[in-house]
Amino acid sequence: MDFQLNDFFKQQFVVTPEVYKHFQECSNDRNPLHTDEEFARAKGFPKKVMYGNILNAFVSYFIGECLPTKNVIIHSQEIAFKNPVYLNETLDFEAHVSGIYEAVNAIEFKYKFIKPDGKIAAKGLIQIGVLK
Amino acid sequence: MKRAEIISQLNEIFEDIIDEGPISLSDTNTANDVDGWDSLTNVQLIVAIEKIMNIRFTSEEIQSWKNVGEMVDCILTK
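Listed in order, the protein sequences are those of chains L and B.
Counting in this note's numbering, the first sequence runs from 897 upward without gaps.
Counting in this note's numbering, the second sequence runs from 778 upward without gaps.
As structure tokens, this is what we get:
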């Protein structure tokens, strides 16, 4: 196993206009909350809200590219959105190994995305398998 | 924990993970007897059992089980 309990990982992600545009094209989600500034303001947000599932894409990058091994597959991924994310915000991503299940080569991570103001944007659990 | 209590807890875990309706496990059941119990689900089942029962298995233990009864026997040793 390449992991120990409480191993800690840190990463920064930015919801750039390019990320936003590509996610919109990929998902084909044009809900006005994400595309119309006036609509978002009318709903009580200062500007259009970024797609929460962009953060799932960042999680995908974390698992696929930032771990000490590439021999990984995502088994399950949970996310709870706590505060909206806006365009060009930089998010601090923190994750730690919260469970090791050696019998089935599975690792669990707890993670959170932190906004520039210190508020939690989202948090959740990821379970991965370590491929032999 | 008694054998019947373990089976009851396993039923709940299997129903939650497999999510295809009520499950009533018996000692002689194998993966072939339970719809939805495949190799991927098995990983989720083992992780859930380990978390909920606060125990750990070894890969040798898991590979030695021939049926649910042997799984329960193993849990009783923990």
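A virtual CB, placed ideally from N, CA and C, is assigned to each residue, including glycine.
Owing to the predicted nature of the structure, the values given are computational and were not obtained by experimental measurement.
Of the listed residues the options, nearest to residue i (C-alpha basis)
i	options	result
Pro964 (chain L)	L:Ile1003, L:Gln920, L:Ala953 and L:Ala976	L:Ile1003
Thr986 (chain L)	L:Asp898, L:Ser972 and L:Gln908	L:Gln908
Glu792 (chain B)	B:Asp812, B:Phe834, B:Asp850 and B:Lys828	B:Asp812
Asp925 (chain L)	L:Leu901, L:Phe904 and L:Ile950	L:Ile950
Arg833 (chain B)	B:Asp815, B:Leu853, B:Ala808 and B:Ser816	B:Leu853
Cys851 (chain B)	B:Gly798, B:Asn809, B:Ile800 and B:Asp804	B:Asp804
Ile1016 (chain L)	L:His992, L:Asn984 and L:Ala976	L:Ala976
Phe919 (chain L)	L:Tyr997, L:Met946 and L:Asp898	L:Met946
Phe904 (chain L)	L:Lys1008, L:Val993, L:Val1026 and L:Leu1027	L:Val993
Same chain, Cβ closer than 8 Å to residue i, five either side skipped, listed in chain order
i	result
Lys939 (chain L)	Leu929
C-alpha distance - residue i paired with residue j, whole-angstrom precision
i	j	result
Ile802 (chain B)	Asn788 (chain B)	Note on identity: in this sequence residue 802 (chain B) is Leu, with Ile being the wrong assignment. In a straight line, the C-alpha of Leu802 (chain B) is about 6 Å away from that of Asn788 (chain B).
Gly995 (chain L)	Ala953 (chain L)	22 Å
Tyr982 (chain L)	Thr912 (chain L)	9 Å
Glu914 (chain L)	Lys978 (chain L)	24 Å
Ile795 (chain B)	Arg937 (chain L)	42 Å
Asn984 (chain L)	Val820 (chain B)	39 Å
Trp814 (chain B)	Val845 (chain B)	12 Å
Leu1027 (chain L)	Ile823 (chain B)	17 Å
Ile790 (chain B)	Pro942 (chain L)	44 Å
Ala999 (chain L)	Leu817 (chain B)	14 Å
Paired residues, beta bridge with residue i - DSSP
i	result
Tyr997 (chain L)	L:Ala1002
Gly1025 (chain L)	L:Ile969 and L:Ala1002
Ala1018 (chain L)	L:Phe977 and L:Phe1009
Phe909 (chain L)	L:Leu987
Contacting residues, own chain, Cβ-Cβ under 6 Å from residue i (five flanking each side not counted)
i	result
Phe935 (chain L)	Pro928
Residues near residue i in its chain [Cβ-Cβ closer than 7 Å; skip 5 each side]
i	result
Glu827 (chain B)	Arg833 and Phe834
Ile784 (chain B)	Leu802 and Val849
Leu901 (chain L)	Val993 and Ile996
Are at least three pairs of beta-carbons, each pair with one atom in the region 966 to 983 of chain L and one in the region 1010 to 1022 of chain L, less than 8 Å apart? yes
Would the region 1004 to 1015 of chain L count as touching the region 831 to 839 of chain B if we require 3 or more Cβ pairs under 8 Å? no
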